[in-house]
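Numbering (the working numbering), first residue to last: 28 to 159. Beta carbons: idealized from backbone N, C-alpha and C, even for Gly. First comes the structure, then the notes that go with it.
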Amino acid sequence: MTSLLLAEDDQDLRDLTAMVLARHGCDVTATADGGVARGLIMGGAHFDVLVLDLDMPVCTGIEVARAARSAGHAGRIILWTGWDVSVEDPDLAGLDVRVLGKQDVSLLRAAVLEADPRRDPQAPEDATLPRS
């Protein structure tokens, strides 16, 4: 099961996204602000994938991503945003992140599913992850 940290300050979007990802086999820990997300990571919590809103209270998704990389997180980091940002943004230099827009939750779901090394690459995109 993919462990995932979802940091999103919009409660409705956070709840809906957590539900969709959980249905696809993710163990979702959801938080409403970047400070809590950063605290979980710096406190030693392990997540396979981080899904971070770009603009959150306390600290931004980019700040959380930097903290995660400095703490040794080698997994996928997805910046999920309604803003016009690309991976070429200088603020993202060296972070090895994917940037996805919030317009389509299925793109986020696909990016999360493909990040799981236990997932069969031949499985259809909507297949659930194998259970541990």
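Identified DSSP bridge partners for residue i
{"i": "V91", "result": "Per DSSP, none; premise fails for V91."}
{"i": "G128", "result": "T108"}
{"i": "T29", "result": "C53"}
C-beta contact flag for residue i and residue j at 8 Å
{"i": "L106", "j": "A34", "result": "no"}
{"i": "G88", "j": "G109", "result": "no"}
{"i": "A142", "j": "R93", "result": "no"}
{"i": "D37", "j": "D60", "result": "no"}
{"i": "L31", "j": "V126", "result": "no"}
{"i": "L48", "j": "R136", "result": "yes"}
Euclidean distance between Cα positions of residue i and residue j
{"i": "P151", "j": "H51", "result": "Here P151 scores only 48 on pLDDT, less than 50, and its place in the model should not be relied on; the value that follows carries that caveat. Their backbone Cα atoms lie some 12 Å apart in a straight line."}
{"i": "D42", "j": "C86", "result": "20 Å"}
{"i": "D131", "j": "A64", "result": "23 Å"}
{"i": "R96", "j": "D75", "result": "13 Å"}
{"i": "A98", "j": "I68", "result": "8 Å"}
{"i": "M46", "j": "C53", "result": "9 Å"}
{"i": "D82", "j": "T44", "result": "17 Å"}
{"i": "L134", "j": "E90", "result": "23 Å"}
Within-8 Å CB hit, residue i to chain B
{"i": "L135", "result": "Absent from the structure is chain B; it holds one protein chain and no more."}
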